[in-house]
Each structure stands twice: as C-alpha cells, then as structure tokens.
Amino acid sequence: METPKITDDGTELEKHIDAIKRLKQERHALVLCHTYQRPEIHLIADIVGDSYALSLAATKTTHPIIVFCGVHFMAETAKILNPSKKVLLPTLDAGCGLAETITANGVRAWKAQYPGLPLVLYINSPAAVKAEADIICTSTNTLKAVEAAYGETVLLAPDKNLYYNTQPKTRKKLIPWEGYCPVHKAMSVDMLEYAMMLHPDAEVIVHPECNPDVTALAHAVLSTSGMVDYVKASSKNEFIIGTELGLVQMIQRMFPEKKVYPFTEVSKTCDNSCVCPYMKAVTIEKVRQALEKDRYEIAVPEEIRIKALAALQRMLLLGRDT
Ligand code: SF4
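Each residue of the sequence shown is one higher than the one before, starting from -10 at the first, in the numbering used here.
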C-alpha cells in the first residue's frame, strides 16, 4: 500500500494533511498512530509505535485531546490511563478480530473454573475484560508478565498463539484461552515456505501472534518494535517479515537499503493479504473529521476503568522483554 496522492473521497492528500496539522495546533491534540496504520496516517502522527509504546505515550501527554489512530481497545487503553482527557477514535469500524474473541462474562466463567489462578491478559482485549485481569501484557513483555504473576500456574488470554510462543520459555504452566488474531493466523506455513524459496538468503522474522508451524521456521519471533530493532541492528540485508503489512511498509521506508519482503508477496488473495481491515478502517479523511467534529469519543465506565488501570499499571512497571 503506497502512500496515495488522492484519497478515497477524491480530494488531495496534501489538503487533508495541512488541515489536520492546523487542527492539531488549534485544538492542542496529540495524534498517536499504531505501526499497522496506513502510510499517510504515519505522516500526520506525533508518535508512531506499538501497543506498549503508545500506552506509555498516553501516560505522559499533557495534551487535552488524544486522537488514537489504531483500534478500539487501544483508544480505550488511552482513556483508562487518561480519564481527564478526550480520547477520539476516528471510526467505530476499527475493532479487533482478536479482542472480539473474549467477553467479560466469558472470562469470568473461565476464571471460575480455575479458582485462585492469576490472569495475564494480552492488551488486545476490551476494557471490561481488562478489569478482570491481574496483569496486562503486550507482545513485548508477555514472558515478564507471566513470571511476575503469582503462583506456578497462570491463565493466559486471549491469543492462543501467544501461549504457544510463551510456554516453552517458562517453567510455569500456562492455561490458554482459545482466541486468535485472524490476520496473523492467515499467514500460513505454505506462504512462508514459498517466500523462503524465493529469498533463500533472507532472515525470517515473525510476530508471536503467528501460528506455531510458522514461528518454528523463523530466525526470530519478535514484537513489532522488536522487529524494527532487529532489522536495524542486523548485518543481513534481506528479511521476510510476518506481520501486518503496515509494519512491513514502515520498515521498508526506514531501511531503504535493505530488502524487506512481506508474506503477501506470494499470495494476493483477500484472506492472505496480511492487511488488517480494522486498522485500515482509519483513513486520513476520518482523522480530519475526528478533529473537526470531535468524534468518536471513547468512554469507559469508572468502575471498569479503576480495575483495568490497576492491571495496566502493573504492566507498565514491568518494561519490555524485547
Ligand atoms: S492485526 Fe488487527 S485483528 Fe489482529 S490483533 Fe491487530 S488489530 Fe486485532
């Protein structure tokens, strides 16, 4: 997905960018942008990062308005951390296929089957589920969160591939929830093997939300920020990267001297495109409208926010694994 000159509504990209820059100043708004966002969204962002980095940024801002260019659970997280600030999500279509696999009622019933066990919860979950967790983690610090949880047996939700990736690294017993990210689950071992045949000298880096048969073939399994650091530090010149296309494109822009291939190069079907439709629901027009029309404001009930905040703060104390 190259940066377009003309946007979906037929207007020039530059006009939207200029308007957004002016609105940001007038309204003292901070724009946070997840790495999976469209390239043109990166251009108007104040901070670009993964879930962990953006959560951290949300704790430090003095801006009264945060425009969250990401998905719903991320904007909720920003609101949990900043209850006095206005948090805007440019479109309510920006959900998350993984977060939708878990509900507060579902997780309460699951916990009841394992009385007394701590719940480590991946940040890709609704606020009401975070309120049920002992500690939140991201793909940067899952192992640290598991090790920090009390006891020798730990519930880990909602991504089962994160469980497959973490269990071999700890002596604790993990009990997984049956959830998946549909985007990473669609990245098959066939796609990877074909990419490896085309690029036999490339290092393979994949996200821990990928399937175990894919991670088994990788040189490294890393969070999105870990991937950027890895490519930067490596003396290698070719990489196959297994995660959402927006991050692959960002790495291509950051390191133009290196050859960086997505899985999608070998399969252009919709199901295997490596594009998250939720992340791409945020467009430059919608970011402008968010600032012009104050939409869509994210709210989290206070009793949920207080409980979710405690679990999030435990995560922020941990720092990163990778
Ligand atoms: S890639 Fe999309 S569906 Fe998958 S976890 Fe991220 S936001 Fe959710």
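Each residue gets a CB set at the ideal place from its N, CA and C atoms; glycine is no exception.
In this text the structure is predicted, and so the values were computed from the model without any measurement.
Exposed unless 16 or more other CB atoms sit within 10 angstroms - verdict on residue i
{"i": "glutamate 281", "result": "exposed"}
{"i": "leucine 306", "result": "exposed"}
{"i": "methionine 304", "result": "buried"}
{"i": "isoleucine 30", "result": "buried"}
{"i": "aspartate 218", "result": "exposed"}
{"i": "glycine 308", "result": "exposed"}
{"i": "isoleucine 295", "result": "exposed"}
{"i": "lysine -6", "result": "exposed"}
{"i": "isoleucine 21", "result": "One detail in the question is off: residue 21 reads as leucine in this sequence, not isoleucine. Flag for leucine 21 reads buried."}
{"i": "glycine 231", "result": "buried"}
{"i": "threonine 253", "result": "buried"}
{"i": "leucine 234", "result": "buried"}
Beta-carbon contacts of residue i that lie in its chain and below 7 angstroms, excluding the five residues immediately before and after
{"i": "lysine 161", "result": "Val135, Glu141, Thr142 and Val143"}
{"i": "valine 210", "result": "Asn154, Val195, Pro197 and Thr204"}
{"i": "arginine 97", "result": "Glu121"}
{"i": "tyrosine 103", "result": "Leu144 and Ile164"}
Candidates the options, of which the one nearest residue i by Cα
{"i": "valine 109", "options": "Leu77, Gln156, Val76 and Ser73", "result": "Gln156"}
{"i": "glycine 95", "options": "Trp166, Ile30, Asn71 and Asp148", "result": "Trp166"}
{"i": "valine 289", "options": "Leu12, Glu1, Asn150 and Ile69", "result": "Ile69"}
{"i": "arginine 11", "options": "Val276, Gly308, Glu291 and Phe244", "result": "Val276"}
{"i": "methionine 268", "options": "His61, Ala18, Gln14 and Ala297", "result": "His61"}
{"i": "lysine 225", "options": "Gln241, His208, Glu192 and Leu211", "result": "Glu192"}
{"i": "tyrosine 169", "options": "Ala300, Thr90 and Lys(-6)", "result": "Thr90"}
{"i": "glycine 215", "options": "Gln102, His17, Ile36 and Asn130", "result": "Asn130"}
{"i": "serine 73", "options": "Pro53, Met63, Ala64 and Thr92", "result": "Pro53"}
{"i": "leucine 77", "options": "Thr24, Lys49 and Arg16", "result": "Arg16"}
{"i": "isoleucine 112", "options": "Pro104, Ile124 and Leu106", "result": "Ile124"}
{"i": "threonine 127", "options": "Ala175, Trp99 and Met63", "result": "Met63"}
{"i": "leucine 301", "options": "Lys158, Ala98, Gly105 and Pro115", "result": "Pro115"}
Residue i, DSSP secondary structure in three states
{"i": "phenylalanine 312", "result": "Lying outside -10 to 311, the shown extent of the chain, residue 312 is not represented and no answer is given."}
{"i": "proline 147", "result": "coil"}
{"i": "histidine 196", "result": "coil"}
{"i": "lysine 282", "result": "helix"}
{"i": "isoleucine 112", "result": "coil"}
{"i": "leucine 19", "result": "strand"}
{"i": "isoleucine 55", "result": "strand"}
{"i": "proline 79", "result": "coil"}
{"i": "proline 104", "result": "coil"}
{"i": "proline 72", "result": "coil"}
{"i": "cysteine 259", "result": "With a pLDDT of only 41 at cysteine 259, under 50, the local geometry of the prediction cannot be trusted, and no value is derived from it."}
{"i": "methionine -10", "result": "Unreliable positioning characterises methionine -10 in this predicted model, as indicated by a pLDDT of 47, which lies under 50. The coordinate reading is nonetheless provided below. It is coil, neither helix nor strand."}
{"i": "isoleucine 36", "result": "strand"}
{"i": "lysine 162", "result": "strand"}
Cutoff 6 angstroms; reference residue i; Cβ partners in own chain excluding five residues on either side
{"i": "leucine 163", "result": "Val143, Leu145, Tyr152 and Gln156"}
{"i": "alanine 312", "result": "This structure does not reach residue 312, given that the chain is present from -10 up to 311, and the question cannot be answered."}
{"i": "threonine 66", "result": "Ser44"}
{"i": "aspartate 202", "result": "Val178"}
{"i": "alanine 120", "result": "Ile293, Lys296 and Ala297"}
Cβ shell of residue i (< 8 angstroms), same chain only, five flanking positions each side left out
{"i": "isoleucine 6", "result": "Glu29, Leu32, Ile33 and Ile273"}
{"i": "threonine 0", "result": "Glu274"}
{"i": "methionine 185", "result": "Ala191, Val193, Leu206 and Ile229"}
{"i": "phenylalanine 244", "result": "Val220 and Lys221"}
{"i": "alanine 320", "result": "Residue coverage of the chain in this structure runs from -10 to 311, which leaves residue 320 outside it and unanswerable."}
Distance cut-off 7 angstroms: residue i Cβ against heavy atoms of the ligand ADP
{"i": "alanine 116", "result": "The ligand ADP is not part of this structure, which contains only the ligand SF4."}
Any C-beta of chain C under 8 angstroms from that of residue i
{"i": "tyrosine 183", "result": "Note that chain C does not occur in the displayed structure, where there is just one protein chain."}
So, do the segment 38 to 49 and the segment 57 to 74 have three or more beta carbon pairs nearer to each other than 8 angstroms?
-> yes
Spell out a yes or no on whether the segment 272 to 287 and the segment 84 to 100 are touching, meaning 3 or more CB-CB pairs, one atom from each, closer than 8 angstroms.
-> no
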